[in-house]
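This report refers to the structure that appears directly beneath it.
Number of protein chains: 2
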Amino acid sequence: MKWAISRRAQQLTSSAIREILKVTERPEVISFAGGLPSPASFPVAAMEAATARVFADNPQAALQYAATEGYLPLREFVARRHDAPVERVLITTGSQQALDLIAKVMIDPGSKVLVETPSYLGALQAFSLFEPEFVSIPSDDKGLLPEALTPELTAGARFLYALPNFQNPTGRRLPLERREALVARAKEQGVLLVEDDPYGALSYTGDQLPSLLSMNPDGVIYMGSFSKILAPGMRLGYVIAPPELHFKLCQAKQASDLHTPTFTQRVAYETIRDGLLDTHIPTIRELYGKQCQYMLDALKRHMPEGVTWNEPEGGMFIWMELPEGLDSMVILEEAVKRNVAYVPGAPFYASNPKRNALRLAFVTVSAERIEQGVAILGELFREAIAAAAARQPRAA
Amino acid sequence: MKWAISRRAQQLTSSAIREILKVTERPEVISFAGGLPSPASFPVAAMEAATARVFADNPQAALQYAATEGYLPLREFVARRHDAPVERVLITTGSQQALDLIAKVMIDPGSKVLVETPSYLGALQAFSLFEPEFVSIPSDDKGLLPEALTPELTAGARFLYALPNFQNPTGRRLPLERREALVARAKEQGVLLVEDDPYGALSYTGDQLPSLLSMNPDGVIYMGSFSKILAPGMRLGYVIAPPELHFKLCQAKQASDLHTPTFTQRVAYETIRDGLLDTHIPTIRELYGKQCQYMLDALKRHMPEGVTWNEPEGGMFIWMELPEGLDSMVILEEAVKRNVAYVPGAPFYASNPKRNALRLAFVTVSAERIEQGVAILGELFREAIAAAAARQPRAA
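As you go down the protein sequences, you meet chains U and L in turn.
So the numbering used here is basically just the index in the first sequence, starting at one, shifted up by 6.
So the numbering used here is basically just the index in the second sequence, starting at one, shifted up by 6.
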């Protein structure tokens with residue numbers, strides 16, 4: 007580099023995974039790698055009609071600079087949806103921006119930040135720019151273990167970053183009793199909770215567990231998103247935060263992009279103001295539940311012994327573990343040669359990555375191609391297991 | 007604050023000016039304080055038609071996640087407009103985001119950053135979050151003085167932030183020979199130039215001076231914006247940067263908001279793809295030139311002796327200086343009581359603020375109200391000058 011750049015920028019490195027996954031854009035590749043919602047779930051007609059109304063109503067206002075906090079009717083909508091005071095709501099340019107703002111406001115170099123094991127890669131990346139020290143909280147297939155939160159572990163932590171609902175990457179949901187225990191321990195130990203909840207509405211059966219926010223509004227920064235219930239290309243998310251943190255987040259937001267586009271905020275509000283989400287979200291739940299079932303069925307048919315996976319109750323992801331000793335990153339190269347892709351699990355860990363884990367996304371792939379792709383992966387994993395066994399014969 | 011927050015967030019303070027200016031939202035206030043472009047300049051009908059085409063063409067793509075770099079046809083449009091390789095173009099969520107990304111990539115705590123005297127407040131705020139050490143470059147009413155750039159001054163500077171065209175707040179434009187001298191000195195001394203150019207197209211006569219970018223593409227990060235030539239509520243800007251910096255800016259952008267909304271990018275591209283800017287920009291120039299003239303005429307009629315101002319050749323702002331010893335911030339309180347507002351000059355200085363300076367914006371106010379407002383200000387300044395003279399009689 008010819009120019010002197012910041013220490014944080016120096017540590018940004020190119021992702022090996024991204025290089026491998028570039029080929030997944032080829033149409034012949036069956037990709038379980040993407041994190042995209044299904045375009046079939048976008049309420050296009052409703053959004054088109056809403057846009058026409060925005061132009062008919064007050065186009066000049068929709069195209070002018072506006073308040074950093076966001077479009078008031080949209081903030082009020084969010085406030086009602088979460089039973090929160092509107093003064094706590096800040097509209098963000100996608101919930102990725104909320105991660106950036108929270109990092110800006112909360113993290114100094116070396117600050118302790120508690121994360122799940124594994125956690126959302128986009129959050130680890132956003133936080134990393136501000137050079138925290140991550141501490142991974144022990145977790146199992148239901149999510150983080152509240153009893154792991156000891157005063158020693160949480161001492162001095164700026165916050166605990168939690169994804170209670172259908173977490174990316176694992177698809178797991180934190181049970182009610184763990185939510186209660188988590189909120190109680192966090193309160194006791196003075197730890198701020200950051201609750202990231204893009205998938206909360208996407209329970210396949212429609213049952214929802216109470217948010218951490220609802221259990222302790224003054225101790226939680228809640229992050230929501232319209233990306234999975236409306237459309238991600240609008241880049242609309244929001245943060246609900248205790249007043250003093252809300253104020254700091256707004257100041258950081260102003261320096262970051264002044265405000266989220268007025269136009270997209272008004273289009274979104276016009277789309278949902280009359281109750282569209284009540285009828286629209288159930289159609290997404292049904293679609294994603296069906297897609298998930300296609301994949302679970304195919305996995306049962308094709309996966310060799312020793313490969314395990316969870317059965318998510320909602321969201322867009324299944325988490326798989328190969329037998330210990332196999333490396334999903336190494337196998338990915340061969341998978342891509344056979345025109346199937348997934349995301350290796352390792353990058354989702356802040357420390358001690360599980361190299362045998364991987365993430366499967368299923369909402370944008372047809373039933374036929376899920377079947378084909380899983381069959382190919384099953385065959386490949388079978389070969390990899392056999393090859394590993396041949397290399398390392400079991401001790402007698 | 008109950009929660010431990012970052013050092014950068016602690017230094018974010020509430021602006022006294024913003025508190026005073028809150029009252030300017032009252033309709034009876036004649037506000038020369040706003041930095042808003044005129045809504046009469048938004049090409050509403052063209053944007054509405056463009057939006058309809060976006061929905062007709064490929065709505066799913068317009069509503070889906072997309073590449074961090076931006077929508078390729080829009081990037082190509084920008085590249086053609088600036089005769090730059092498309093690989094160097096990154097679309098940002100307004101050019102405020104470009105400031106944030108540049109700061110993220112370039113500034114460590116204590117890094118030297120060179121700025122004009124005065125400079126754009128939004129940039130000072132965005133950079134401040136990353137705790138640089140600002141060094142103000144001596145400037146006069148034509149802009150910064152290239153000969154002030156000595157090796158001692160520029161040693162170790164991460165970049166020099168320049169606004170050559172109709173700078174916010176002063177409205178001044180850097181003459182051609184200074185641009186050449188600036189680029190030559192920067193190259194000689196190894197200083198990266200950051201060229202912020204939201205107003206470049208808004209010369210009242212249509213004459214344009216070459217950008218710093220065009221003079222040394224490998225030594226300049228150029229920031230452009232659609233806010234003043236299309237509509238700010240879309241939050242669309244762009245950065246053109248040398249390859250290695252472009253790559254880092256993209257990585258920082260991905261962590262900041264993944265990408266700028268697909269929807270707004272496509273609407274903007276559909277609006278301008280067939281040459282709209284060629285016919286539209288001249289209408290903005292004419293409007294703003296006329297507005298500027300209203301204000302210059304009114305100033306001539308009403309301002310007392312001792313008050314000076316520049317005559318901008320483009321853009322949205324006039325810079326005024328009251329006699330030394332007067333404080334435009336103190337006088338603002340009285341101005342607001344008389345229902346007229348402006349922005350005091352002091353916050354635009356990184357150091358040694360000129361307390362007698364102020365910024366006047368004129369593009370959103372009618373000719374009648376410009377006349378009324380300037381008359382009130384003229385009266386007020388006359389009183390302030392008289393009061394100051396009474397307090398401090400001139401030495402014999």
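Using N, Cα and C, we set each Cβ at its ideal position, and we do this for glycine too.
*In the structure shown, what three-state DSSP assignment does residue 403 (chain U) receive?*
With chain U running from 7 to 402 in the structure shown, residue 403 (chain U) is simply not present.
*Beta-carbon separation (whole angstroms), residue 111 (chain U) vs residue 258 (chain U), contact threshold 8 angstroms*: Mapped onto the first sequence, residue 111 (chain U) falls at position 105. Mapped onto the first sequence, residue 258 (chain U) falls at position 252. Right, their Cβ atoms sit about 5 angstroms apart.
*Given a threshold of 16 other Cβ atoms within 10 Å of its Cβ, counted over all protein chains shown, does residue 69 (chain U) qualify as buried or as exposed?*
For the purposes of this step, residue 69 (chain U) is identified with residue 63 of the first sequence, where counting begins at 1. Buried, by the Cβ-count rule.
*Distance between beta carbons of residue 36 (chain U) and residue 350 (chain U), contact taken as under 8 angstroms*: By 1-based counting over the first sequence, the position of residue 350 (chain U) is 344. By 1-based counting over the first sequence, the position of residue 36 (chain U) is 30. Not really, about 17 angstroms apart at Cβ, beyond 8 angstroms.
*Taking the alpha carbon of residue 255 (chain U) as the point to measure from, which residue in U:221, U:216, U:214, U:99 has its own alpha carbon closest?*
Within the first sequence, the letter at position 249 stands for residue 255 (chain U). If we check each option's Cα against that of residue 255 (chain U), U:99 comes out closest.
_Can you check whether the C-beta of residue 397 (chain L) is within less than 7 angstroms of a C-beta belonging to chain U?_
Along the second sequence, one-based indexing puts residue 397 (chain L) at 391. Judged by the 7 angstroms Cβ criterion, residue 397 (chain L) is not in contact with chain U.
_Interface residues of the segment 61-73 of chain U facing chain L [CB-CB below 7 angstroms]_ = 61, 65, 66, 68, 69, 70, 71, 72
*residue 232 (chain U) (DSSP reduced to helix, strand or coil)*: Position 226 of the first sequence, counted from the start, is the residue given in the question as residue 232 (chain U). Coil at residue 232 (chain U), not helix or strand.
*For the beta strand (DSSP E) that contains residue 202 (chain U), what are its first and last residues?*
Counting from 1 along the first sequence, the entry for residue 202 (chain U) is found at position 196. Note, residue 202 (chain U): beta strand (DSSP E), 199-202.
*Positions along the segment 95-119 of chain L whose CB lies within less than 7 angstroms of some CB in chain U*: 99, 100, 102, 103, 106, 110, 111, 112, 113, 114
*Beta-bridge pairing of residue 365 (chain U) - partner residues as DSSP gives them*: Mapped onto the first sequence, residue 365 (chain U) falls at position 359. Paired residue(s): U:325, U:349.
*Kindly indicate which residue of L:253, L:74, L:93, L:72 has the alpha-carbon position closest to the one of residue 82 (chain L).*
For this step, residue 82 (chain L) is matched to residue 76 along the second sequence. Nearest option by C-alpha distance: L:93.
*asked:* Please list the terminal residues of the continuous alpha helix (DSSP H) segment that includes residue 56 (chain U).
replied: Your numbering for residue 56 (chain U) matches position 50 in the first sequence. Where residue 56 (chain U) is concerned, the enclosing alpha helix (DSSP H) stretches over 50-63.
_Residues of chain U with CB closer than 7 angstroms to the CB of residue 9 (chain L), please, in chain order._
Within the second sequence, numbered from 1, the residue matching residue 9 (chain L) stands at position 3. Ordered by position in chain U, the residues that pass the 7 angstroms Cβ test against residue 9 (chain L) are 198, 251.
*Could you tell me whether any Cβ in chain L is nearer than 7 angstroms to the Cβ of residue 204 (chain U)?*
Within the first sequence, residue 204 (chain U) is the residue found at index 198, counting from 1. No, its Cβ sits nowhere closer than 7 angstroms to a Cβ of chain L.
*For the segment 377-398 of chain U, enumerate the residues whose C-beta is nearer than 9 angstroms to any C-beta of chain L, in chain order.*
none
_I need the straight-line Cα distance from residue 300 (chain U) to residue 376 (chain U), nearest angstrom please._
For the purposes of this step, residue 300 (chain U) is identified with residue 294 of the first sequence, where counting begins at 1. For the purposes of this step, residue 376 (chain U) is identified with residue 370 of the first sequence, where counting begins at 1. Their backbone Cα atoms lie some 7 angstroms apart in a straight line.
*Answer with yes or no whether the minimum CB distance from residue 283 (chain U) to chain L is below 7 angstroms.*
Numbered from its first residue, the first sequence carries residue 283 (chain U) at position 277. Chain L, which has no Cβ nearer than 7 angstroms to the Cβ of residue 283 (chain U), makes this no.
*asked:* Contact defined as beta carbons within less than 8 angstroms: I believe residue 232 (chain L) pairs with residue 243 (chain L). What is the distance between those atoms, to the nearest angstrom?
replied: Counting from 1 along the second sequence, the entry for residue 232 (chain L) is found at position 226. Counting from 1 along the second sequence, the entry for residue 243 (chain L) is found at position 237. Contact flag correct, Cβ pair sits at about 7 angstroms.
*Residue span of the alpha helix (DSSP H) that contains residue 253 (chain L), given as start and end*: Here the question's residue 253 (chain L) lines up with position 247 in the second sequence. From DSSP, the alpha helix (DSSP H) with residue 253 (chain L) extends over 249-263.
*Return the residues of the segment 19-42 of chain U that lie within a Cβ-Cβ distance of less than 7 angstroms from chain L, sorted by chain order.*
42
_Within 7 angstroms of any Cβ in chain U, is that where the Cβ of residue 239 (chain L) sits?_
Here residue 239 (chain L) is taken as the residue at index 233 of the second sequence, counted from 1. Yes, its Cβ sits closer than 7 angstroms to a Cβ of chain U.
*asked:* What does DSSP give as the partner residue(s) for residue 209 (chain L) in the beta ladder?
replied: By 1-based counting over the second sequence, the position of residue 209 (chain L) is 203. Answer is L:320, bridged to residue 209 (chain L).
_Segment contact flag, the segment 50-65 of chain U with the segment 380-397 of chain U, C-beta cutoff 8 angstroms, min 3 pairs_ = no
*Just curious, the alpha helix (DSSP H) that residue 83 (chain U) is in, first and last residue?*
Within the first sequence, residue 83 (chain U) is the residue found at index 77, counting from 1. From DSSP, the alpha helix (DSSP H) with residue 83 (chain U) extends over 78-88.
*Near-chain L residues of the segment 255-275 of chain U - C-beta to any C-beta below 8 angstroms*: 257, 258, 260, 261, 262, 263, 264, 265, 266, 267, 268, 269, 270, 273
*asked:* Report the CB separation of residue 452 (chain U) from residue 9 (chain L) in whole angstroms; it is logged as a contact under 8 angstroms.
replied: The question about residue 452 (chain U) has no answer here: the residues shown for chain U are numbered 7 through 402.
*Test: residue 131 (chain U) CB closer than 7 angstroms to a CB of chain L*: Locating residue 131 (chain U) in the first sequence gives position 125, where the first residue counts as 1. Judged by the 7 angstroms Cβ criterion, residue 131 (chain U) is in contact with chain L.
*Is it buried or exposed for residue 362 (chain U), if we count other Cβ within 10 angstroms and need 16 for buried?*
Position 356 of the first sequence, counting from 1, holds the residue named residue 362 (chain U). So residue 362 (chain U) ends up on the buried side.
*asked:* Comparing C-alpha positions only, which one of L:116, L:48, L:395 sits nearest to residue 312 (chain L)?
replied: Looking up residue 312 (chain L) in the second sequence gives position 306. Looking at the Cα atoms, L:395 is the closest of the given residues.
*Apart from the five residues just before and just after residue 378 (chain L), which ones in its own chain have a Cβ nearer than 7 angstroms to its Cβ?*
To locate residue 378 (chain L), count along the second sequence from 1; it is residue 372. Around residue 378 (chain L): 36.
*Do residue 342 (chain L) and residue 29 (chain L) have their C-beta atoms within less than 7 angstroms of each other?*
Position 336 of the second sequence, counted from the start, is the residue given in the question as residue 342 (chain L). Position 23 of the second sequence, counted from the start, is the residue given in the question as residue 29 (chain L). Contact: yes.
_How far does the beta strand (DSSP E) with residue 101 (chain U) in it extend, from its first residue to its last?_
Position 95 of the first sequence, counted from the start, is the residue given in the question as residue 101 (chain U). Note, residue 101 (chain U): premise wrong, no beta strand (DSSP E); alpha helix (DSSP H) at 100-112.
*asked:* the ligand COA and residue 257 (chain L): does the residue's C-beta get closer than 6 angstroms to at least one heavy atom of that ligand?
replied: Ligands displayed in this structure: none; no statement on the ligand COA is therefore possible.
*List the residues of chain U whose Cβ lies closer than 8 angstroms to the Cβ of residue 15 (chain L), in chain order.*
As a first step, residue 15 (chain L) is located in the second sequence; it is residue number 9 there, counting from the start. Within 8 angstroms Cβ-Cβ: 110, 111, 112, 254, 257, 258.
*Can you name the residues that DSSP bridges to residue 146 (chain U)?*
Counting from one through the first sequence, the residue named residue 146 (chain U) turns up at place 140. Answer is U:149.
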